[in-house]
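Asks:
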Amino acid sequence: MTTVTAYAAPAAKAPLERTTIERRGAGELDVLIDIKFAGICHSDIHQAREGWGEAIFPMVPGHEIAGVVSEVGPGATRFKVGDRVGVGCMVDSCRECENCTAGLEQYCIRRPTWTYNAVGKDGEPTYGGYSQKIVVDENYVLRIPDGLSLDVAAPLLCAGITTYSPLKHWNVGPGKKVAVVGFGGLGHMGVKIAHALGAEVSVLSQSLRKKDDGVRLGADHYYATGDPATFDKLQGTFDVILNTVSAPLDFGAFLSLLRTDGAMVNVGLPEEPVQIQLSSVFGNRRSLTSSSIGGIPETQEMLDFCAEHGLGAEIELIHADQINEAYERVINSDVRYRFVIDTATI
Ligand code: NAP
Ligand code: ZN
Ligand code: ZN
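Residue 4 is where the sequence shown starts when you use our numbering, and the numbers rise one by one after that.
(1) Cβ-heavy atom distance between ALA12 and ligand 2 below 8 Å?
(2) Could you tell me which uninterrupted alpha helix (DSSP H) segments, each at least 4 residues in length, are contained entirely in the segment 148-180, listed from first to last along the chain?
(3) Which residue from HIS66, VAL183, GLU304 puts its Cα closest to that of ILE137?
(4) Just how far apart, CA to CA, sit ILE244 and VAL84?
(5) One question on the structure: do GLU317 and HIS224 come within less than 9 Å of each other, judged by their Cβ atoms?
(6) Any idea what DSSP makes of SER73, helix, strand or coil?
(7) I'd like to know whether the C-beta atoms of PHE234 and SER208 end up nearer to each other than 9 Å.
(8) Determine the extent of the alpha helix (DSSP H) in which ARG114 is found, giving its start and end residues.
(9) For TYR143, verify whether its CB is less than 8 Å away from any heavy atom of ligand 1.
(10) Classify PRO158: buried if its beta carbon has 16 or more other beta carbons within 10 angstroms, exposed otherwise.
(11) Just to check my reading of the structure: LEU170 and LEU200 have Cβ atoms closer than 8 Å, yes? What is that Cβ distance to the nearest angstrom?
(12) Starting from PRO128, follow its DSSP beta bridges and name the residues at the other end.
(13) Residues around ligand 3, please: the ones whose beta-carbon is closer than 7 Å to some heavy atom of it, in chain order.
(14) To the nearest angstrom, how far is the alpha carbon of VAL270 from that of GLY91?
(15) List in chain order the residues whose CB is within less than 5 Å of at least one heavy atom of ligand 2.
(16) Is the beta carbon of GLN109 closer than 9 Å to that of ILE296?
(17) Examine the Cβ distances between the segment 324-344 and the segment 163-183 and report whether three or more of them are shorter than 8 Å.
(18) Any heavy atom of ligand 1 within a distance shorter than 8 Å of the CB on PHE234?
(19) Report yes if the CB atom of GLN303 is closer than 9 Å to the CB atom of ARG87, and no otherwise.
(20) What number of angstroms, rounded off, separates the C-alpha of PHE308 from the C-alpha of THR166?
(21) State the CB to CB distance for the pair VAL248 and VAL194, rounded to an integer number of angstroms; the pair is presumed to be in contact (CB under 8 Å).
(22) Indicate whether LEU314 and ILE196 have their beta-carbon atoms separated by less than 9 Å.
(23) If you draw a straight line from the C-alpha of TRP173 to the C-alpha of SER96, how long is it?
(24) Can you give me the start and stop residues for the beta strand (DSSP E) that ARG87 sits inside?
(25) Cβ of TYR119 within 9 Å of Cβ of GLY131?
(26) Label PRO13 either buried or exposed according to how many other C-beta atoms from any shown protein chain fall within 10 Å of its C-beta, with 16 as the threshold for buried.
(27) Let me make sure I understand the geometry here. Which of ASP37, GLU319, LEU35, ALA347 has the alpha-carbon closest to that of GLY188?
(28) Under the criterion of a Cβ to heavy atom distance below 8 Å, does PHE186 qualify as lining ligand 1?
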């Protein structure tokens with residue numbers, strides 16, 4: 004066991020504070036990673052505040068992890084000391100079910116072991132990336148291509164894959180019109196990736212405040228959902244709507260913007276239940292669906308795609324003692340576009 008410095012929430016809704024945690028020694032297939040950067044995902048906040056239900060405390064959040072391998076277990080073959088690597092939302096899964104064997108570990112029938120706020124196969128709680136080191140089985144570790152610097156690569160491990168996976172699954176590409184709802188951490192990566200895939204991209208944001216950034220990052224159009232005229236103008240327009248909003252929306256209004264057979268894919272995960280009238284999907288054989296992160300093979304594919312297209316996250320690098328302030332800013336939609344913790348400051 005190694006004692007490692009970390010930032011943890013001691014209890015639900017309590018501010019995060021510096022503490023120490025124990026990491027296991029590198030086992031047979033493990034990789035010990037010196038964490039360099041950790042992104043702040045809105046999911047960290049939902050969980051640290053028990054917005055999604057009961058959670059495990061103390062909680063060290065963080066599932067957008069980028070670092071360098073500093074030790075490998077005796078049986079580990081995929082990585083060597085010095086490799087640049089990433090860890091996302093999962094650190095294990097059953098490896099045997101039909102989803103795991105298909106590379107869809109995020110849908111493991113026995114549930115994946117989440118990077119934090121979970122219990123590992125050793126019976127110990129898992130602790131995430133707001134810390135200086137982590138030990139992970141090599142099968143759940145990703146390679147960060149040379150073309151991506153570690154700070155802008157960290158958010159790809161969640162925000163990147165969570166948008167890449169549904170855009171690919173719902174065939175977003177040339178000739179397709181896609182709308183990204185919410186221009187935050189996930190949303191801005193959704194815009195970059197959809198643009199790189201060749202689609203015509205619209206942003207649906209609460210206001211036009213971030214329009215210049217949206218256009219710079221690849222949006223062809225940018226609309227304010229606070230303006231009712233937006234909904235009149237865009238009726239029946241989109242093949243795919245990717246909803247990244249962390250709060251409930253008026254689903255009927257957004258579904259009416261889909262073409263026949265269009266799909267609204269929800270990756271945002273509000274804390275409250277949502278309500279819809281089913282008539283808003285019946286009308287044009289529309290789909291209301293969802294997507295959760297992505298499997299390990301697809302996460303590597305996404306990293307390689309982002310490196311090839313020069314896509315990193317737009318980040319604001321912070322020190323660990325700014326985490327609580329960053330949480331407030333994320334909640335207030337005041338983020339451009341991902342806070343990333345320099346873990347040397349933990
Ligand atoms: P974020 O950076 O806070 O972005 C969310 C954006 O939604 C905000 O920037 C804002 O964009 C918009 N928004 C916020 N509150 C709103 C409201 N009340 N009404 C309308 N729009 C609002 O959060 P994130 O890290 O991208 O995460 C977004 C959501 O996805 C969270 O719920 C998170 O838990 C979830 N998530 C899911 C997965 C998955 O696997 N499915 C993975 C990661 C995260 P504008 O300012 O442009 O309006
Ligand atoms: Zn996340
Ligand atoms: Zn499984």
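Just so it is clear, CB atoms sit at the ideal spot from N, CA and C, and this is done for glycine as well.
Replies: The short version:
(1) no
(2) 153-156, 162-172
(3) HIS66
(4) 42 Å
(5) no
(6) strand
(7) no
(8) Per DSSP, ARG114 belongs to no alpha helix (DSSP H) and is neither H nor E.
(9) no
(10) buried
(11) 6 Å
(12) VAL122
(13) SER96, CYS97, ARG98, GLU99, CYS100, ASN102, CYS103, GLU108, CYS111, ILE112, ARG113
(14) 16 Å
(15) CYS44, SER46, CYS161
(16) yes
(17) no
(18) no
(19) no
(20) 13 Å
(21) Wrong, their Cβ atoms sit about 14 Å apart, outside the cutoff.
(22) yes
(23) 25 Å
(24) 87-90
(25) yes
(26) exposed
(27) GLU319
(28) yes
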